[in-house]
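Asks: Here this note's numbering is used: the first residue of the sequence shown is 17, the next is one more, and so on.
From the three backbone atoms N, C-alpha and C, an ideal C-beta is built for every residue, glycine too.
The model shown is predicted, which means the values in this text are computed figures rather than measured ones.
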Amino acid sequence: MNISRGRLYSLLLLLSAGGYLWLLVSNDSSKIFGWNGCLFRLLFHIPCPSCGTTRAVRAVFQGEWLQSLYYNPLGILLVVLMVVVPVWIVIDLLKGSSSFLHAYRLIEKKLQRWPYAIIGILAILINWIWNLVKYT
């Protein structure tokens, strides 16, 4: 997909802000919304591949790295993205450069190749099996 710099940066900054907002309100989501935040689990009564990610992110921010890995290994990757992506985009915007856009396009191109896609799909499936064993 050939997305423009402005659209990509706006979308990712919005998603990052949404992620931080979710971290602020998710502790009380079961009280406020009457559910634990996972629509997949609510509908199908089994954990999704990303179940536990919010707790994993919280654990990283509290310095509990091993606990984070237990909750969901994707949490550490998400923390890195939540910290690096907005900072990189803001630096790009201040400098008038597009280094993040170039990196994004390079990574996107690599992930479209079948060996990388297979590795990514297998990693998500293994993570899902881990969640199914752990949470059911």
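Please confirm whether S66 and V76 have their CB atoms less than 8 Å apart.
Replies: Within the sequence shown, the letter at position 50 stands for residue 66. Within the sequence shown, the letter at position 60 stands for residue 76. No, Cβ-Cβ distance for S66 and V76 is not below 8 Å.
Asks: Between which two residues does the alpha helix (DSSP H) carrying I134 extend?
Replies: The residue you call residue 134 lines up with position 118 of the sequence shown. Element bounds for I134: W130 to Y151.
Asks: What residue from I19, I135, P89 and L94 has the CA that sits closest to Y36's CA?
Replies: Taking the first residue of the sequence shown as 1, we reach residue 36 at position 20. When each option's Cα is compared against that of Y36, the closest is L94.
Asks: What's the C-alpha gap between V106 and I19?
Replies: For the purposes of this step, residue 106 is taken as residue 90 along the sequence shown, with counting starting at 1. For the purposes of this step, residue 19 is taken as residue 3 along the sequence shown, with counting starting at 1. Going from the Cα of V106 to the Cα of I19 covers about 18 Å.
Asks: Output the residue ranges of the alpha helix (DSSP H) runs that lie fully inside the region 79 to 119 and measure 4 residues or longer, sorted by chain position.
Replies: 81 to 87 and 90 to 111
Asks: Quick one: is F116 buried, meaning 16 or more other Cβ sit within 10 Å of its Cβ, or exposed?
Replies: The residue given as residue 116 occupies position 100 in the sequence shown. Around the CB of F116, 16 or more other CB atoms lie within 10 Å, so the residue is classed as buried.
Asks: Since S26 is in the alpha helix (DSSP H), which residue starts that stretch and which ends it?
Replies: Reading the sequence shown from its first residue, position 10 is the one you call residue 26. Its alpha helix (DSSP H) spans residues R21 to V41.
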